[in-house]
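Engineer:
Protein chains in written order, with the numbering used here: chain E, 2 to 306; chain V, 88 to 660.
1) Check each residue of the region 29-60 of chain E: if its Cβ is closer than 9 Å to any Cβ of chain V, include it; give the result in chain order.
2) Can you tell me the Cβ-Cβ gap for residue 175 (chain V) and residue 570 (chain V), rounded? I've got them flagged as a contact below 8 Å.
3) Apart from the five residues just before and just after residue 120 (chain V), which ones in its own chain have a Cβ nearer than 7 Å to its Cβ?
4) Around the C-beta of residue 279 (chain V), are 16 or more other C-beta atoms found within 10 angstroms, so that it is buried, or is it exposed?
5) Sorted by chain position, which residues of the same chain lie with C-beta nearer than 8 Å to residue 86 (chain E)'s C-beta, five sequence neighbours on each side aside?
6) Let me check one thing: in DSSP terms, what residues is residue 535 (chain V) bridge-paired to?
7) Residue range of the alpha helix (DSSP H) that residue 233 (chain E) falls in?
8) Is residue 119 (chain V) helix, strand or coil when you go by DSSP?
9) According to DSSP, which residues form a beta bridge with residue 78 (chain E)?
10) So, helix, strand or coil for residue 180 (chain V), using DSSP?
11) Counting only beta-carbon atoms, is residue 254 (chain E) nearer than 7 Å to chain V?
12) Quick one: measure Cβ to Cβ for residue 226 (chain E) and residue 101 (chain E), integer angstroms, because I've assumed they're closer than 8 Å.
13) Output yes if chain E places a C-beta closer than 7 Å to the C-beta of residue 118 (chain V); else output no.
14) Quick one: what's got a C-beta closer than 7 Å to residue 287 (chain E)'s C-beta in the same chain, skipping five residues either side?
15) Between which two residues does the alpha helix (DSSP H) harbouring residue 512 (chain V) extend?
16) Along the region 220-252 of chain V, what residues have a CB closer than 7 Å to any CB found in chain E?
17) Comparing the C-beta of residue 559 (chain V) with each C-beta of chain E, is any distance below 7 Å?
18) Helix, strand or coil: how does DSSP classify residue 654 (chain V) here?
19) Are the Cβ atoms of residue 306 (chain V) and residue 84 (chain E) separated by less than 7 Å?
20) Step through the CB atoms of chain V and report whether any lies within less than 7 Å of the CB of residue 24 (chain E).
21) Which runs of the beta strand (DSSP E) fall wholly inside the region 184-260 of chain V and span at least 3 residues, in chain order?
22) Using the C-alpha atoms, what's the distance from residue 543 (chain V) back to residue 165 (chain V)?
23) Would you report the Cα separation of residue 489 (chain V) and residue 224 (chain V), rounded to the nearest angstrom?
24) Please identify, using Cβ separations under 8 Å, the residues of the region 70-86 of chain E that lie next to chain V, in order along the chain.
25) Counting only beta-carbon atoms, is residue 522 (chain V) nearer than 7 Å to chain E?
26) Using a Cβ-Cβ cut-off of less than 7 Å, give me the residues of the region 267-280 of chain E that come near chain V, in sequence order.
27) Beta-carbon separation of residue 119 (chain E) and residue 128 (chain E) under 7 Å?
28) Would residue 370 (chain V) pass as a contact of residue 616 (chain V) if the rule is Cβ separation under 7 Å?
29) Report yes if the C-beta distance between residue 719 (chain V) and residue 253 (chain V) is below 7 Å; otherwise report no.
30) May I have the straight-line CA-CA distance separating residue 583 (chain V) from residue 449 (chain V), to the nearest angstrom?
31) Pull the bridge partners of residue 604 (chain V) from the DSSP assignment, please.
32) Taking the DSSP output, what are the residues bridged to residue 395 (chain V)?
33) I'd like the span of the beta strand (DSSP E) that includes residue 260 (chain E), first residue to last.
34) Just tell me which of E:223, E:169, E:164 has its CA closest to the CA of residue 249 (chain E).
35) Got a sec? Which residues, its chain only, sit under 7 Å from residue 422 (chain V) by beta carbon, not counting five neighbours each side?
36) Using a Cβ-Cβ cut-off of 7 Å (strictly less than) and excluding sequence neighbours within five positions of residue 526 (chain V), which residues of its own chain qualify?
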């Protein structure tokens, strides 16, 4: 097990290298420069700026230099925020994005699994239909509609929570709900589906036959079956909560790293773009690994080969 | 399992669709019953000594020499004090660190007499700090994007091109409190230009101290180091969240600074900023938050909505080298076929002033050309004279603009006007900002949209755009006669004669139409009715030191007509 994890980790290195090369090539192929602006910049000033960031060197030299810095954990300087390094920017923003994703995750699991269990246990009752209808609505409403609606009702009409910003717990709730709802809806449907799949299997019948209470049957046996598809969904879900926070972070002005995905590319902030791409690539690869491992732990039929 | 394959497509959504979604929601709100005369809350939530405002984004630099963006400029203007400061309504230069000044008869040499004052760390502020700052602005080693602002000083351009030492710049400290400045030309707008943030003093002692301690002196504006001399000083800066400013007790006029604390947020999305304003989180969305055209009709119905003329022009550059636009007749025909009144009324919707002139009428005493803003008959005649009996014979033309809903709507309206009046079909192409800039710089276009904000209240700030060696001239048009007229104008010491030359030059240029002016901007903003001290002016400059909170404000009472007027201290600074 440990050996296979180590091997998988080693396999990450070439993948990351390819990603670095590809993102470096793509960001440099884009027309324009970090220093282009509406107003003319004197050529001498332009030369100084290029020299400061090393953009005056040939591209292969720049690439090798970047790799060298990367090996030392240095992601370079931002051109848009010239007083900050990319490391500083990510260190300031990534914990914020993680916090937001964590709130969204907890919300989606709480609501999703509860609704899924209700749906499965009370199959084809009003409860089931209500839970699944709610899930359908949750899946269908995009965050850029749900977010402003929540702001409108909760902040502007009821004055309960601030409409945007970051600082204390009150700022986390609305963006967390906005980001998590769509996943809660998927989790509800997956949980219900998974539980219904095992509800007629032999081991459930056996469990009932040996006289277990219905409560124990649901919690110990059915739920385990129901959660398998949820676990395999969680990997991509967490990944897309992190990447999908772009929109939510914009709406609620959350100072996470989501908006850099778009803005850094627009600003041709070369090192920031690459830093963000690398961070996410690394995160996604590790998430893949974690999901595979969890899966093999939950279901012994899957070998971690 | 492959996580990448399942990645969320919503991550790819960019601002466009977000804005569309938000707009839909706002329309819902807009359709609701109008309960109040004001947009959102009407009582101060942060006490009588504090104001919360927005600054629409992280500043690039807080270093006066290096700053080139409005987000930084707003902070610098309120944390530093220069030789002169703008009057909050008229913008005319008032004494600040300089108490008085003498001008030599040739209009080229200014001698400023400084008041004794201190930096926020208690060190004395001297004329040497200004000398250091002005040299640093122009010195190519500083790599300032606004280095050209310092080219007005004698020898500035040579220093900026690296051909002369910064010490050769025409600025000298005669003693600790006397500064002599020599200009290249006797510019009548020099003193008002001097209120601009590029000309604030720099605490040389701090930069040298940091260098001695092995700290990169470029980081001197970080909150742990910064030293300033203006009405406010920064006490907190949380990246992309907030900046907090407190009254600087060492500012020479601290007793007339109104509020104890100014809290600045960095909210880029205008809809989010509007939400925060409505909820009372912002007392004033600030100079850098623009209100979008689609909400204008709705918002303008509220009493806390204010609109002022703004010193900026919206126009289309024409690449005068490529057929068919190499013919001035075609260019003039295109200009005359645009119904600018309709454009402003139905598309831009911000009360902008339709204008076929580049220089706004009345700017610093300038009499505008008053060119016709729409004349389809004449347009058709000019097109025929150019040899095109019908617009469909005109070779294909493409118009580029940077991706934005507003620019798109304007371009589409003009496309339709040209088609209707002249029969010319023009293709539109939107380009992402940096791609657009790169194409504009390389003259890789036929027509491109642009805007220009005046740096100072003088026609020259606009007319300079069309000079042959101006890097911002994106027309390929150059005319030695035009260059000569402008040069001659700036050497004039008689203001009236100068304006006459400038007017002659503008008429000459627009007769050849290297660009098509469309309208003069306005600035619309929301200000909570209990906020005092934000006067209207055409550069949208509102120094924080005049701000105050009126706790006795009564939302039920009719809005006072003079609520915005700023009262200057009696013994005027």
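Built from N, CA and C at the ideal position, the CB exists for glycine as well. Keep in mind it's a predicted model, so treat the numbers as computed, not measured.
Structural biologist: This is what the structure gives:
1) Listed in sequence order: 31, 32, 33, 34, 35, 36, 37, 38, 39, 40, 41, 42, 43, 44, 45, 46, 47, 48, 49, 50, 52, 53.
2) Their Cβ separation, rounded to whole angstroms, is 36 Å, which puts residue 175 (chain V) and residue 570 (chain V) out of contact at 8 Å.
3) Residue placement at residue 120 (chain V) cannot be trusted, given a pLDDT of 45 that sits under 50; what the coordinates show is reported in the next sentence. Contacts found: none.
4) Under this definition residue 279 (chain V) is a buried residue.
5) Counting only Cβ-Cβ distances below 8 Å, and skipping sequence neighbours, we find 75, 76, 77, 78, 79.
6) Answer by DSSP bridge pairing, in chain order: V:404, V:487.
7) First-last of the alpha helix (DSSP H) with residue 233 (chain E): 224-244.
8) Residue placement at residue 119 (chain V) is poorly supported in this model, since its pLDDT is 45, which falls under 50; the coordinates still yield a value, given next. Looking at residue 119 (chain V) - three-state DSSP - the assignment turns out to be coil, as it is neither helix nor strand.
9) Looking at the DSSP assignment, residue 78 (chain E) forms a beta bridge with E:86.
10) Correct three-state label for residue 180 (chain V): strand.
11) At least one CB of chain V lies nearer than 7 Å to the CB of residue 254 (chain E).
12) With a Cβ gap of about 31 Å, residue 226 (chain E) and residue 101 (chain E) do not count as contacting.
13) The predicted position of residue 118 (chain V) is uncertain, since its pLDDT is 44 and thus under 50; no value can be drawn from it.
14) The answer is none, since no qualifying residue turns up.
15) Run containing residue 512 (chain V): none; DSSP gives neither H nor E here.
16) Taking 7 Å as the cut-off between beta carbons, the residues of the region 220-252 of chain V near chain E are 227, 228, 230, 231, 232, 234, 235, 247, 248, 249, in sequence order.
17) Residue 559 (chain V) counts as touching chain E.
18) Here DSSP, grouped into helix, strand and coil, assigns residue 654 (chain V) to coil.
19) Less than 7 Å separates the beta-carbon of residue 306 (chain V) from that of residue 84 (chain E).
20) With 7 Å as the cut-off, residue 24 (chain E) does not count as an interface residue toward chain V.
21) Assignment of beta strand (DSSP E) within the region 184-260 of chain V, counting only whole runs of 3 or more residues, yields 185-190, 196-201 in chain order.
22) Between residue 165 (chain V) and residue 543 (chain V), the alpha-carbon positions lie close to 18 Å from each other.
23) In a straight line, the C-alpha of residue 489 (chain V) is about 30 Å away from that of residue 224 (chain V).
24) Cβ contacts with chain V come from 81, 82, 83, 84, 85.
25) Interface residue (Cβ-Cβ distance to chain E less than 7 Å): residue 522 (chain V) is classified as such.
26) Answer in chain order: 267, 269.
27) Contact: yes.
28) No.
29) In the structure as shown, chain V begins at 88 and stops at 660. Residue 719 (chain V) is therefore absent and cannot be evaluated.
30) Counting only the Cα atoms, residue 449 (chain V) lies some 13 Å from residue 583 (chain V).
31) Residue pairing by DSSP places residue 604 (chain V) opposite V:402 in a beta bridge.
32) Answer is V:610.
33) It is not in any beta strand (DSSP E) - residue 260 (chain E) carries neither H nor E in the DSSP assignment.
34) Out of E:223, E:169, E:164, E:164 has the C-alpha closest to the C-alpha of residue 249 (chain E).
35) Counting only Cβ-Cβ distances below 7 Å, and skipping sequence neighbours, we find 443, 600, 603.
36) In chain order, 487, 518, 532 place their CB closer than 7 Å to the CB of residue 526 (chain V), counting only its own chain and leaving out the 5 sequence neighbours on each side.
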